[in-house]
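Under numbering that gives the first Met the number 0, the residues of the first sequence are numbered 0 to 169, in order.
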Amino acid sequence: MGQYLVVNHPQYGLTPLTIVEVEAYTNNDPACHANGYTAKTAPKRALNLFGAPGTGYVYLIYGMYHCLNVITEPKGTAGAVLFRGVVDTNSDGPFVGTNLIGPGRLCRDVGITTAQHNGVMLTKQDAGLYLATSVQGPTEEEHINTTPRIGIQHAKDYPWRWIDTRYLKK
DNA sequence: GCTGGGATTCGCT
DNA sequence: GCGAATCCCAGCC
Numbered sequence: 000m001g002q003y004l005v006v007n008h009p010q011y012g013l014t015p016l017t018i019v020e021v022e023a024y025t026n027n028d029p030a031c032h033a034n035g036y037t038a039k040t041a042p043k044r045a046l047n048l049f050g051a052p053g054t055g056y057v058y059l060i061y062g063m064y065h066c067l068n069v070i071t072e073p074k075g076t077a078g079a080v081l082f083r084g085v086v087d088t089n090s091d092g093p094f095v096g097t098n099l100i101g102p103g104r105l106c107r108d109v110g111i112t113t114a115q116h117n118g119v120m121l122t123k124q125d126a127g128l129y130l131a132t133s134v135q136g137p138t139e140e141e142h143i144n145t146t147p148r149i150g151i152q153h154a155k156d157y158p159w160r161w162i163d164t165r166y167l168k169k
């Protein structure tokens, strides 16, 4: 939270966007795509969930939208953070004044797709999509709230969604 | 080989 | 508040 997701905008080039909303999914989590599987038995879609930390996991939801995650657990253990919302804090960026809230909208507006970005290493800059330390540093705890995750059918009570209250009220 | 549901969004009512 | 848009693949026949 508060760090940068750097995207490669077709006109503005590399653009740092500040992360303001995330959710966590992990091993033995009923809501995780990898739940009930191992790295060997996982369906193709969820395979990257068992990859090396820093790997991007992009999947298609409802046939229409892409969702971007980053792997957070050691290789072989499922676990990821879903990026649900970013804001453009650049004075002249492409999305100034437009907070990209919602995982599908975020991916649509910055051009993240499974074809281009699933499995890329988000700690390296060569894919034009990566994570970076922000100038303002991580979000202070006073600005962060936790809530249950959105839209899931299982483990609805896990308080594993984090929001920056300066941009999101609930 | 077919069917149904999903970590969503937007527009219309 | 509800439904449509639309693709992947697990589960079941």
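Note that CB positions come from ideal geometry on N, CA and C, so glycine has one too.
Under the DSSP definition of a beta bridge, Tyr-64 partners with Ile-60. Residues of the same chain with a CB within less than 8 Å of the CB of Val-6, apart from the 5 flanking positions on each side, are Leu-13, Thr-14, Leu-16, Val-109, Gly-110, Ile-111, Gly-127 and Leu-128 in chain order. Non-local beta-carbon contacts of Tyr-157 in its own chain, meaning distances under 7 Å to residues more than five positions away in sequence, involve Pro-147 and Arg-148 in chain order. The beta-carbon separation of Tyr-64 and Gly-118, rounded to 19 Å, does not stay under the 8 Å limit for a contact.
For Cys-66 and Arg-83, the gap between their C-alpha atoms comes out near 8 Å. By the neighbour-count definition (other C-beta atoms within 10 Å, threshold 16), Ala-79 is a buried residue. Counting of Cβ neighbours within 10 angstroms places Glu-141 among the exposed residues, the total staying below 16.
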